[in-house]
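In full-length UniProt numbering, the protein residues as written are 1 to 202. Report on the following structure.
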C-alpha cells in the first residue's frame, strides 16, 4: 500500500513512516531530511502530513478515549503500586494530570482565541494523563485560552475516571497540581499532596 499526496506524489508507506519519525525527532527541519530521503522539502512535508493524518484518523481513539489496553484494572493497580513505592503518600494514585502550552505563530485572524495571557504567547493547550511507565493514558486538546480547570471539565476525564478508575482492590485517583482549584471533581477521582514544597516532587 502506498501513500498518495494531493499533487500525485506517491511514497511507500514504510518510507513515509520513516520520514515522520525522523521529522518528530528533535531537532529536525525538512531541509535536514533531503539528504536522507532524496526528496524536495514540499514532498517531504506533504508525505509526513499524510502519514500523520492517517495515524490520527485510525488511532487517535487510543489516547482521546479510555483505553483498556493500558488502563485496565490490573494495570491501574500496578501503576498505583509503583507510584506509592517511589514515596508518594497516596496508595491509590495511578497517574498525573498535566497541561502543556505549545507556542504557535500569531494567526492572522481570531488571535484572541489562542492568546495565552499567562505565558504571553499565542499557543495551543493540551491536557494529558501521564502514567508511570512513560505512556500517555489520555489526551485532550488542542484548545485556545482555557484555564486548566475548565479544560479538565470539558475533557470529560472526570466522568471517565468515575466510570473506570477502579482496581480489583479499591477505587483509584489521579494527581492534579494542588495550586489549581478542583471543586468540580467528583469525590475520590482527583487528589493532590505536598511532600517537598520546594520543588513539588513526589
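Heads up, the beta-carbon is just placed ideally off N, CA and C, and yes, glycines get one too. From a predicted model like this one, the values you see are computed outputs, not experimental measurements.
Candidates the options, of which the one nearest residue i by Cα
i           : options              : result
residue 55  : 170, 143, 13 and 123 : 13
residue 44  : 36, 30 and 53        : 30
residue 143 : 159, 115 and 16      : 115
residue 38  : 11, 25 and 27        : 11
residue 140 : 155, 147, 68 and 121 : 155
residue 203 : 6, 168, 102 and 8    : Examination of residue 203 is not possible in this model, given that the chain is present from 1 through 202 alone.
Nearest-angstrom Cβ-Cβ length linking residue i and residue j, presumed shorter than 8 angstroms
i           : j           : result
residue 97  : residue 174 : 5 angstroms
residue 84  : residue 75  : The Cβ separation is near 15 angstroms, so there is no contact.
residue 127 : residue 99  : 5 angstroms
residue 92  : residue 170 : 5 angstroms
residue 34  : residue 135 : With 8 angstroms as the limit, residue 34 and residue 135 do not qualify as a contact, their Cβ atoms being about 33 angstroms apart.
residue 166 : residue 27  : The Cβ separation is near 42 angstroms, so there is no contact.
First through last residue of the alpha helix (DSSP H) which encompasses residue i
i           : result
residue 49  : 41-59
residue 151 : 148-154
Residue environment, residue i, which counts as buried when at least 16 other CB atoms sit within 10 Å
i           : result
residue 125 : buried
residue 195 : Because the pLDDT at residue 195 is just 39, under 50, the model does not fix this residue reliably, and the value given afterwards should be weighed accordingly. Counting Cβ neighbours within 10 Å, residue 195 comes out exposed, since fewer than 16 surround it.
residue 138 : buried
residue 1   : exposed
residue 113 : exposed
residue 16  : buried
Where the beta strand (DSSP E) containing residue i begins and where it ends
i           : result
residue 123 : 121-130
residue 4   : 2-4
residue 13  : Segment 13-24 is the alpha helix (DSSP H) holding residue 13; no beta strand (DSSP E) there.
residue 94  : 93-103
residue 175 : 173-175
residue 83  : That residue, residue 83, is in no beta strand (DSSP E); its alpha helix (DSSP H) goes 73-85.
At least 3 beta-carbon pairs within less than 8 angstroms: the stretch 102-116 vs the stretch 58-74
no
Cβ contact check for the stretch 14-26 and the stretch 34-51: 3 or more pairs under 8 angstroms:
yes
With contact counted as at least three CB pairs below 8 angstroms, one residue from each stretch, are the stretch 72-85 and the stretch 126-145 in contact?
The stretch 72-85 vs the stretch 126-145: in contact.
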